[in-house]
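Read left to right, the sequence shown gives residues 1053 to 1380 (the numbering used here).
Here a beta-carbon is modelled for each residue, glycine too, at the ideal position from N, C-alpha and C.
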Amino acid sequence: MTRALLLLRRRLVGSVFVLLIVVVGTFLLLEAAPGDAVDAYIASTGGDAGMIELLRHRWGLDQSALTRLATYLWALLHLDLGQSVTFSRPIRDVILERLPNTLLLMGSATALSFGLGSALGIYAGARPGSFRDRLLSIGSLALYAVPGFWLGLVLIIVFAVDLRWFPIGGIESIASGKTGLDRAADIARHLILPVSALGFIYLALYLRMMRAGMSEVWRQDFVLAAFAKGLSRRRIVLAHVARNALLPLVTMLGLQSAQMLGGSVVIESVFSVPGLGRLAQEAVAARDTPLLLGIILVSAVLVIVINLLVDIAYAFLDPRVGASEAGA
């Protein structure tokens, strides 16, 4: 427990600087882009020079970039993300409405890809070079090469349009009035296709990593010693080979969190899931810089938290790593 707390403290200190770099870098990149929220608003609704000047003053766009950056950083110190230009509401409230949907999509896809991918990797790597090993390796490579949006569209056409097994999109039935377990079942039914489209891509990655890791572990001396002791092959695979091959997958779980979040943007657009991905798309279209900054900041915090949890889990799985990190 002490090692985990020391590791957590070191990671938290570094995370503050990471968030500062993300916020400042994103702000400067958005400032370098042509146009702003006023241009997007006038282009869609029309207006004269007086309205343009009024909107720029109301939204603070008549100030210099450094002044607005300093004001934004000072507001962040007070946990204030500002007001959304598009929704005319506090950004914190807008994000909190969409965040649970993204977390549900990401969490379900991660559980599917990591759980099923590692299980299939163990099944393939239990007998290297066998027919099932070659079949799963080829299948995972083909699945990993498929773009997520294309897989999502195929799932919609086959299972939602042709077979009518699942809804085409959304997070739940509109105005259904369902509550409790009925609502949970309705949400789960809506999430099956988007979770499958997002999770299957990373499932192939975890399968290949687990299979490759087991191939390396099979050649270790302790595996030969386990055979010499007369242990069953099933016990050797589960207790020795798979356990040691699992560590790289835990590391990859943290590294893939950012890509999983980025992939959810596409999947949310394909399946019309009201999450952070679609919200970011709306913010970009409206040039709502404060909202986009808030989304990126929350996404960065989410990725950092996931990596912190992965680091702690890795420290418990491999005490040598935890001890070296805490003592550094």
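7 Å Cβ shell around residue i - same chain, five flanking residues per side excluded
{"i": "valine 1355", "result": "Ser1309, Ala1310, Leu1313"}
{"i": "leucine 1060", "result": "Leu1360, Ile1364"}
{"i": "serine 1351", "result": "Leu1313, Leu1328"}
{"i": "alanine 1294", "result": "Ile1174, Met1266"}
{"i": "proline 1300", "result": "Met1261, Gly1265"}
{"i": "arginine 1063", "result": "Leu1360, Asp1363"}
Residue from the options with nearest C-alpha to residue i
{"i": "valine 1266", "options": "Ala1122, Asn1296, Tyr1258, Lys1281", "result": "The question names valine, but residue 1266 in the sequence shown is methionine. When only C-alpha atoms are compared, the closest one is Asn1296."}
{"i": "leucine 1044", "options": "Tyr1196, Val1357, Asp1340, Val1318", "result": "What is shown of the chain runs 1053 to 1380, which leaves residue 1044 out entirely."}
{"i": "leucine 1081", "options": "Glu1105, Leu1215, Pro1152, Val1336", "result": "Val1336"}
{"i": "leucine 1207", "options": "Arg1179, His1242, Leu1125", "result": "His1242"}
{"i": "glycine 1306", "options": "Ser1248, Tyr1196, Tyr1258, Leu1343", "result": "Tyr1258"}
{"i": "valine 1247", "options": "Asn1153, Asp1214, Lys1281", "result": "Asn1153"}
{"i": "glycine 1177", "options": "Ile1288, Val1302, Gly1229", "result": "Ile1288"}
{"i": "isoleucine 1348", "options": "Gly1066, Val1065, Val1070, Arg1062", "result": "Val1070"}
{"i": "leucine 1245", "options": "Phe1274, Glu1268, Ala1277, Ile1209", "result": "Ile1209"}
{"i": "alanine 1163", "options": "Ile1190, Val1302, Glu1320", "result": "Val1302"}
{"i": "leucine 1195", "options": "Glu1224, Leu1155, Ile1253", "result": "Ile1253"}
{"i": "alanine 1127", "options": "Gly1346, Val1357, Val1353", "result": "Gly1346"}
{"i": "alanine 1249", "options": "Ile1073, Arg1179, Val1198, Ala1171", "result": "Val1198"}
{"i": "glycine 1181", "options": "Leu1106, Arg1263, Gly1282", "result": "Arg1263"}
{"i": "isoleucine 1239", "options": "Leu1298, Ser1160, Ser1189", "result": "Ser1160"}
{"i": "proline 1086", "options": "Leu1131, Val1357, Ala1338", "result": "Ala1338"}
DSSP-derived helix/strand/coil call for residue i
{"i": "leucine 1128", "result": "helix"}
{"i": "leucine 1072", "result": "helix"}
{"i": "proline 1246", "result": "helix"}
{"i": "arginine 1272", "result": "It should be noted that the sequence gives glutamine, not arginine, for residue 1272. Here glutamine 1272 sits in coil by DSSP."}
{"i": "aspartate 1185", "result": "helix"}
{"i": "isoleucine 1190", "result": "helix"}
{"i": "valine 1353", "result": "helix"}
{"i": "phenylalanine 1218", "result": "coil"}
{"i": "glutamine 1308", "result": "helix"}
{"i": "glutamine 1115", "result": "coil"}
{"i": "serine 1165", "result": "helix"}
{"i": "isoleucine 1147", "result": "helix"}
{"i": "glutamate 1334", "result": "helix"}
{"i": "serine 1316", "result": "helix"}
{"i": "isoleucine 1223", "result": "coil"}
{"i": "proline 1326", "result": "coil"}
{"i": "leucine 1283", "result": "coil"}
{"i": "arginine 1339", "result": "coil"}
{"i": "valine 1198", "result": "coil"}
{"i": "glycine 1177", "result": "helix"}
{"i": "glycine 1232", "result": "helix"}
{"i": "proline 1152", "result": "helix"}
{"i": "proline 1300", "result": "helix"}
Sequence-distant residues of its chain with Cβ nearer than 6 Å to residue i (five each side left out)
{"i": "valine 1322", "result": "Phe1201, Gly1204"}
{"i": "glycine 1035", "result": "Any question about residue 1035 goes unanswered here, given that the chain covers just 1053 to 1380."}
{"i": "valine 1255", "result": "Sequence check: residue 1255 is leucine here, not valine. Excluding sequence neighbours, leucine 1255 sits near Ser1165, Leu1168, Gly1169."}
{"i": "leucine 1158", "result": "The sequence shown places methionine at residue 1158, not leucine. Excluding residues within five positions, the ones whose Cβ falls inside 6 Å are Met1312, Ser1316."}
{"i": "alanine 1117", "result": "Glu1083"}
{"i": "glycine 1066", "result": "none"}
{"i": "glycine 1379", "result": "Caution is warranted here: a pLDDT of 48 is assigned to glycine 1379, below 50, making its placement in the model unreliable, and the coordinate value is therefore given only provisionally. Nothing meets the Cβ criterion."}
Residues bridged to residue i [DSSP beta-bridge criterion]
{"i": "proline 1142", "result": "Gln1135"}
Chain-order list of residues whose beta-carbon lies under 8 Å from that of residue i (same chain, five-residue window excluded)
{"i": "valine 1318", "result": "Gly1200, Phe1201, Gly1204, Gly1329"}
{"i": "proline 1342", "result": "Tyr1124, Leu1133, Gly1134, Gln1135, Ser1136, Val1137, Ile1143"}
{"i": "methionine 1304", "result": "Leu1257, Tyr1258, Met1261"}
{"i": "leucine 1030", "result": "In the structure displayed, the chain extends from 1053 to 1380; residue 1030 sits before or after that span and is not available."}
Cutoff 8 Å: residue i Cβ touching any chain D Cβ
{"i": "valine 1336", "result": "Of the chains in the structure shown, none is chain D; there is only one protein chain."}
Notebook entry, point to check: Are three or more beta carbon pairs between the stretch 1321 to 1334 and the stretch 1145 to 1154 nearer than 8 Å?
Noted result: yes
Next item on the list: Could you tell me whether the stretch 1062 to 1082 touches the stretch 1116 to 1131, where touching means 3 or more Cβ pairs closer than 8 Å?
Entry: yes
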